[in-house]
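In the numbering used here, the protein residues as written are 537 to 957. I have placed the structure first, in the form of structure tokens, so that the comments after it can refer back to it.
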Ligand code: ASP
Ligand code: MG
């Protein structure tokens with residue numbers, strides 16, 4: 537059958553990213569294909585970034601663990617990168633069947649160059665020539681998310697949830713807009729599974745979104761939010777399954793910042809405490825250089841007041857990194873004469889809002905709410921726009937729900953979620 541050549545599309549680039557639940561089966565992939573074609577028909581130059589189908593990445597991780605207790609990171613990346621490639625190819629097939637023209641590319645073919653840190657590589661550079669040429673030919677370009685090629689020519693992946701970062705980075709490189717399609721309607725004032733009447737936010741500022749993602753809000757990978765903020769890329773997080781507007785992540789001029797934009801929580805951190813830390817210059821540097829050297833991302837760090845010459849230092853690490861951490865910390869303790877313990881039964885609840893900077897009393901009220909529930913606070917950390925409390929993991933849902941109720945008046949005005957979710 538003779539195929540008509542694709543029509544060149546002059547419009548602005550639109551990067552549309554679809555998460556795993558949006559492409560979980562053949563029907564859903566066909567619907568995503570139709571959505572990409574519709575955007576092109578409306579005059580955009582369209583790049584689709586896709587995640588692996590459904591739970592594919594988890595299944596691949598399981599497979600690897602079945603073969604090897606500590607899979608080699610390079611091989612892990614070879615394995616995990618296949619999930620996204622499958623979706624990209626299938627989606628391109630579906631688009632071609634709709635009469636439009638599509639081409640699928642791996643991260644490497646798309647020109648995404650990363651450093652060499654396997655399983656959590658950072659994007660160093662994007663060379664989007666191949667994408668631009670395909671767009672010039674009128675094709676819809678499908679890019680396999682979550683992956684790139686390292687400066688040593690190996691396949692790398694960008695960390696769990698990394699397809700978001702692929703999308704934002706491509707939008708920045710192609711000077712386009714970025715839409716993140718997902719199975720929720722946008723960013724909510726709290727996790728709707730815990731707070732059913734949580735509200736969808738119309739807009740949230742990049743700095744607040746950064747704090748939310750860093751505090752456990754799972755709708756976007758933290759790194760994608762950093763990337764968007766650094767490169768001034770506005771993001772629109774919205775549902776794959778409706779046409780309704782979602783949440784815009786951008787500076788919203790003209791409105792006074794809400795005291796609280798959201799309540800985030802995380803249950804996948806462990807808290808490591810080092811004891812007998814000597815009161816000597818350079819000790820903290822030695823500790824955290826060792827941790828950083830193992831590519832472990834430390835979040836909250838707290839050092840108590842020095843008594844009798846020794847101190848305690850506590851910091852949080854991702855639970856997944858705990859095995860990696862163990863070797864590093866044991867080595868460090870031997871070297872510096874420290875002792876250590878891990879709290880892996882804790883969770884963190886955080887209130888985030890740019891307006892709290894100029895409204896005293898948020899922390900006090902938060903502690904009061906937790907006290908009334910007799911929830912013990914194990915650690916407290918703050919930033920100018922965030923208050924976080926570490927509590928027992930089995931009480932964290934209760935804490936989120938109670939705080940959402942108690943801070944009703946301070947929470948950002950938002951759209952009702954039940955109706956348009
Ligand atoms: N498939 C990868 C994951 O599950 C990347 C992504 O979906 O963004 O983490
Ligand atoms: Mg995701």
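For glycine and all other residues, C-beta sits at the position ideal for the given N, C-alpha and C.
Helix, strand or coil at residue i [DSSP, three-state]
i, result
"residue 904", "helix"
"residue 879", "strand"
"residue 589", "coil"
"residue 564", "helix"
"residue 710", "coil"
"residue 898", "helix"
"residue 854", "strand"
"residue 581", "strand"
"residue 801", "strand"
"residue 949", "coil"
"residue 684", "strand"
"residue 604", "coil"
"residue 839", "strand"
"residue 934", "helix"
"residue 809", "strand"
"residue 819", "helix"
"residue 824", "helix"
"residue 834", "coil"
"residue 701", "helix"
"residue 793", "coil"
"residue 865", "helix"
"residue 846", "strand"
"residue 860", "helix"
"residue 715", "strand"
"residue 917", "strand"
"residue 954", "Because the pLDDT at residue 954 is just 40, under 50, the model does not fix this residue reliably, and the value given afterwards should be weighed accordingly. Looking at residue 954 - three-state DSSP - the assignment turns out to be helix."
Ligand 1 heavy atom lying under 8 Å from the CB of residue i
i, result
"residue 558", "no"
"residue 696", "yes"
"residue 594", "yes"
"residue 616", "yes"
"residue 699", "yes"
"residue 587", "yes"
"residue 635", "no"
"residue 619", "yes"
Exposure label - residue i; buried when at least 16 CB within 10 Å
i, result
"residue 675", "buried"
"residue 767", "exposed"
"residue 660", "exposed"
"residue 857", "buried"
"residue 890", "buried"
"residue 702", "buried"
"residue 650", "buried"
"residue 551", "buried"
"residue 894", "exposed"
"residue 932", "buried"
"residue 940", "buried"
"residue 575", "buried"
"residue 866", "exposed"
"residue 717", "buried"
"residue 794", "buried"
"residue 604", "exposed"
"residue 870", "exposed"
"residue 952", "For residue 952, the pLDDT reaches just 44, beneath the cut-off of 50, and the residue's location in the model is therefore unreliable, although a value from the coordinates is still provided. That one is exposed."
"residue 922", "buried"
"residue 822", "exposed"
"residue 817", "exposed"
Contact test: residue i Cβ vs ligand 2 heavy atom, cutoff 8 Å
i, result
"residue 590", "no"
"residue 555", "yes"
"residue 683", "no"
"residue 756", "yes"
"residue 930", "no"
"residue 687", "no"
"residue 718", "yes"
Cβ-Cβ separation, residue j to residue i (assumed contact under 8 Å), whole Å
i, j, result
"residue 813", "residue 846", "6 Å"
"residue 741", "residue 800", "With a Cβ gap of about 15 Å, residue 741 and residue 800 do not count as contacting."
"residue 594", "residue 936", "Incorrect: roughly 25 Å between the Cβ atoms, too far for contact."
"residue 616", "residue 680", "Actually they do not touch by this definition, with Cβ atoms about 11 Å apart."
"residue 549", "residue 583", "6 Å"
"residue 915", "residue 807", "7 Å"
"residue 882", "residue 927", "7 Å"
"residue 586", "residue 623", "4 Å"
"residue 691", "residue 804", "Incorrect: roughly 26 Å between the Cβ atoms, too far for contact."
(request) Please specify which runs of the beta strand (DSSP E), each continuous and at least 3 residues long, are wholly inside the segment 721 to 775, giving them in chain order. (result) DSSP runs (the beta strand (DSSP E)) wholly in the segment 721 to 775: 771 to 775.
(message) Quick check for students: name the residue ranges of the alpha helix (DSSP H) that lie wholly in the segment 603 to 639, counting only runs of 4 or more.
(response) As far as the segment 603 to 639 is concerned, its whole alpha helix (DSSP H) runs of at least 4 residues are 609 to 633.
(request) Pick out the complete alpha helix (DSSP H) segments inside the segment 640 to 697, 4 residues or longer, and give them in chain order. (result) Whole alpha helix (DSSP H) segments, 4+ residues: 665 to 672.
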